[in-house]
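Data block below; observations after.
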Ligand code: ISE
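Right under this line is the structure:
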């Protein structure tokens, strides 16, 4: 059976997911592209050969010719639209974050558990990135010894105009909150957050530096700089008692010109994590086809944990104190 997918949101991520569905997801078809702007929906639909366009997300989710939903609309719509998909009994891949606040994440968790079957995957695609996968495998097979620290840099060229200063913590850093928790297979117990002296915390894209402690005794530091200017640059190093492993970005060419030899940075996350998005979406399609969630993919509980960490990070930055990260007991529904 071909899975008919609706993409909700035709912005930068919705368009990218539409391209993957249309061009690299055998077994799926791009049924509908839905966006508040019919023009934006039409442009993506025409580029990707979608069967139709729409402007009402809930009506789109409930359509009889839609089997599964990919939500890539603005962050604040993620939880309400995921709830609508759950109510319609439709499997959903919700872009991160699941919700900017933990209360809305809990609403999704309660609704999904009430159905008695897994329906939600959250778009923390870095779990599928080959370099993070290798990092996790090396830890798992004992090559590094016990993990003690993980260093993370997350740099964007520039912050989007609608980005608030705190979105470095609530929108960007959830990637590291999730992937470090996934690689280390642990939870956080505290977070501290800092900004360079004289930096205006409210300025779009102001750098934030965070230090987290894990239940496993590790230290995780995360630098988010959304105005790095030089390129999209995500780095990570996992440090163990016997060694360490660095992430390597996929580099497809080295350029020699004018007495220089250089490699290019990606302009944003899409080229850097193209393989991760492709593998994530294939895993999601298999989830839709079989009803069995991917053991790697993030579920609603993982989305909740990332948002709880972000909320604690915002509090830590605003109060200037080390802040406890809530660790609610994971329901058996979400045990792996
Ligand atoms: C964006 O929403 C993403 O998900 C990107 O992966 C991340 O690098 C960027 O900082 C976020 O704003």
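In our numbering, the protein residues as written are 1083 to 1418.
All residues carry an ideal CB built from backbone N, CA and C; glycine is no exception.
On a predicted model such as this, the values are computed, not experimentally measured, just so you know.
For the pair residue 1249 and residue 1273, the CB atoms are not nearer than the 9 Å cut-off. Between residue 1191 and residue 1163 the beta-carbon gap is near 15 Å, outside 8 Å, which marks them as no contact. The C-beta distance from residue 1270 to residue 1296 rounds to 6 Å, short enough to fall under 8 Å. The shortest CA-to-CA distance from residue 1188 to any of 1413, 1378 and 1418 is the one to 1413. Separation of residue 1324 and residue 1265 (C-alpha to C-alpha, rounded to the nearest whole angstrom) is 17 Å. Remark: C-beta atoms of residue 1203 and residue 1358 do not approach each other more closely than 9 Å. Cβ atoms of residue 1180 and residue 1231 stay farther apart than 8 Å, at about 27 Å.
Within 10 angstroms of the beta-carbon of residue 1369 lie 16 or more other beta-carbons, which makes it buried.
The secondary-structure analysis by DSSP pairs residue 1134 across a beta bridge with 1114.
For residue 1286, there is no enclosing beta strand (DSSP E), as DSSP marks it with neither H nor E. Closest by C-alpha distance to residue 1224, out of 1348, 1108, 1256 and 1321, is 1321. Taking non-hydrogen atoms of the ligand ISE into account, the C-beta of residue 1139 is found less than 8 Å away from none of them. Pairing residue 1392 with residue 1304 gives a Cβ-Cβ distance that is not under 9 Å. Put simply, the backbone Cα of residue 1120 is about 7 Å away from that of residue 1135.
Beta-bridge analysis with DSSP links residue 1405 to 1273. Membership of residue 1083 in any beta strand (DSSP E) is not indicated, and neither H nor E is assigned to it by DSSP. Here the distance from the Cβ of residue 1353 to the nearest heavy atom of the ligand ISE is not below 8 Å.
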